[in-house]
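Undergrad: Mind having a look at this structure? Questions to follow.
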Amino acid sequence: MFEYFPTGPYTWNLGVVATLNSGGLIDEVDRACRPIKDAANAGEDAGTPDFLRAWTALTDQLVGQAEAAEKAGHVRTAGQLWFRASNYLAQAERMLAHSDPDRVPTYRRMLEIAQKAFDTHSPRVSRVAVPYEGMTLPAYFSQAPAADDGPVPVVVLVNGLDSTKEHMYASNHWEELAARGISCLMLDQPGTGEALRLQGLTARVDTEAWAGAAVDWLEQRSDVDASRIGIVGWSLGGYYAPRAAAFEPRFALCVAWGANHDWGAVQRRRRQREGERPVPHYWEHVLWVWGVDGDEDHLDAFLDFADQVTLEGVVERIRVPFLVAHGANDRQIPLEMAHRSHDQAVNSPKRELRVFTPEEGATEHIGLDHLPFVSTFIADWVADTFAELGAQRA
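Pasting the structure below:
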């Protein structure tokens, strides 16, 4: 993996490489990061305010340029600037502690910038709300151009532990799907993104509850082929999505974009500092996501709870095509977990394990070191599988 901070923390380097592989420009990223090289060496937690200040300054610069471009009538130029600004601010916000007073204001600004990007860069992406247990789940819906001619397949794309629908938007995976005639619902499910930050909806083990709500909503849309709704989850979504597909029979396919077969076991490793953590202020973030009171000094009860977050005895229930995509050098989730998810999915009619190697890239966590390579592989697999399912139906 390209490491901008050679002696700095993994979390900072992961944020940089994720930004660059989601449309960020190396000159802009370098200008943001160069002043904070020393802060990186102070430790991943201590330096996050510096990270935010540096990346906010870059965001401010792009916002000013975007506003000037719009005023001049240069909508395409403005759209590119708004899109990159949303990417940079999303990565900076991801690094903050839950208790940081800048977290919610920064996230609210992200929402505003994302809407500007839709208006000028991605007019087929819109903000939507999925009804869920008397509330709503915030989401972005990408309507594929093919939907102009009739109903099309759709993918429900779900977050991991620390990502947001804004990260999914920046990844451009929705655009790869759209080019293949597939719409995409980028969902902030409970425990992630806006659902957590602004609505207080925390994660749950039985992910089929919110996933089923997404299917209910999609089935009401005239532009969706309800017989071909898939679910794709990255990082901790590698648990969320397979669990949902196992208990929600309306999903037509499932992808674990980074296996997370036994999340509880991973937490026990992380407590012993075995393997890398995805974000600074890690335990504070985890307890926030799951709605658990306490702190890092009182983790025993939480770790017992975390043992429930496992696909043992679950993936056997998946009866639809199932892809597991994993990096051989994933420093967060051992490759062995990808083999377990694949090997135990014995009732899937089409199961596949794709391991990305150092020689080809995309070998780190969810392929963030070569994200477009993994994104296009998954988009091709999804498109091929939907085509096969359509042929079977015909």
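The UniProt record's numbering applies: residue 1 is where the sequence shown begins, and numbers increase by one. For each residue, glycine too, the CB sits at the ideal point set by N, CA and C.
1. Give the secondary structure of residue 229 by DSSP, where H, G and I count as helix, E and B as strand, and everything else as coil.
2. Using the three-state DSSP reduction, which class does residue 246 fall into: helix, strand or coil?
3. If you reduce the DSSP assignment to three classes, tell me which class residue 215 lands in.
4. Identify every run of the beta strand (DSSP E) within the segment 48–128, keeping only runs that are complete inside it and at least 3 residues long; order them along the chain.
5. DSSP has residue 181 in a bridge; who is on the other side?
6. First and last residue of the alpha helix (DSSP H) that includes residue 289?
7. Taking the alpha-carbon of residue 61 as reference, which of 140, 363, 338 and 31 has the nearest alpha-carbon?
8. Residue 326 bridges to which residues according to DSSP?
9. Measuring alpha carbon to alpha carbon, tell me which of 49, 53, 186 and 13 ends up nearest residue 138.
10. Taking the C-alpha atoms as reference points, what is the distance between residue 181 and residue 143?
11. Determine the direct distance from the alpha carbon of residue 330 to that of residue 12, and round the result to whole angstroms.
12. According to DSSP, what are the bridge partners of residue 188?
13. Based on the DSSP output, what are the partners of residue 141 in its beta bridges?
14. Would you grab the beta carbon distance between residue 8 and residue 40 for me? Rounded to a whole angstrom, and I think it's under 8 Å.
15. What first and last residue would you give for the alpha helix (DSSP H) that runs through residue 158?
16. Just checking my contact of residue 276 with residue 107 at CB under 8 Å: how many whole Å lie between their CB atoms?
17. Using the C-alpha atoms, what's the distance from residue 164 back to residue 120?
18. Grouping DSSP H, G and I as helix and E and B as strand, with all else coil, what is residue 309?
19. If you run the structure through DSSP and keep just helix, strand and coil, what is residue 135?
20. Tell me the residue span of the alpha helix (DSSP H) that contains residue 256.
21. Three-state secondary structure (DSSP) at residue 262?
22. Bridge partners of residue 234, per DSSP?
23. Pick from 128, 103, 104 and 296: whose alpha carbon is nearest that of residue 115?
24. Please report the distance separating the alpha-carbon of residue 197 from that of residue 3.
25. Report, in whole angstroms, the separation of the C-beta atoms of residue 250 and residue 224, which I expect to be a contact under 8 Å.
26. In chain order, what residues of the same chain have a beta carbon less than 7 Å from the beta carbon of residue 81, not counting five sequence neighbours either side?
27. With 16 as the cutoff for other CB atoms within 10 Å, does residue 190 come out buried or exposed?
28. Given this structure, state the Cα-to-Cα distance separating residue 381 from residue 124, to the nearest angstrom.
29. With distances taken between CB atoms, is the gap from residue 91 to residue 167 smaller than 9 Å?
30. Given a threshold of 16 other Cβ atoms within 10 Å of its Cβ, counted over all protein chains shown, does residue 370 qualify as buried or as exposed?
31. What span of residues does the alpha helix (DSSP H) with residue 1 cover, start to end?
32. For residue 346, name the three-state secondary structure that DSSP assigns.
TA: Looking at the atomic coordinates:
1. strand
2. helix
3. helix
4. Runs of the beta strand (DSSP E) inside the segment 48–128: none found.
5. Residue 181 pairs with nothing; no bridge assigned.
6. 282–290
7. 31
8. Answer is 355.
9. 186
10. About 9 Å.
11. 16 Å
12. None; residue 188 has no bridge partner.
13. Residue 141 is bridged to 126 and 185.
14. 3 Å
15. Per DSSP, residue 158 belongs to no alpha helix (DSSP H); it is in the beta strand (DSSP E), 152–158.
16. Rounded, the Cβ-Cβ distance is 24 Å, inconsistent with contact.
17. 21 Å
18. Three-state result, residue 309: coil.
19. strand
20. Careful: residue 256 lies outside any alpha helix (DSSP H), inside the beta strand (DSSP E) at 253–257.
21. strand
22. 257
23. 128
24. 29 Å
25. Contact flag wrong, Cβ pair sits at about 12 Å.
26. 62, 65, 66 and 69
27. By the neighbour-count rule (16 or more Cβ atoms within 10 Å), residue 190 is buried.
28. 23 Å
29. In this structure, residue 167 lies closer than 9 Å to residue 91 by Cβ.
30. By the neighbour-count rule (16 or more Cβ atoms within 10 Å), residue 370 is buried.
31. Residue 1 -> no alpha helix (DSSP H), and no H or E assigned at all.
32. coil
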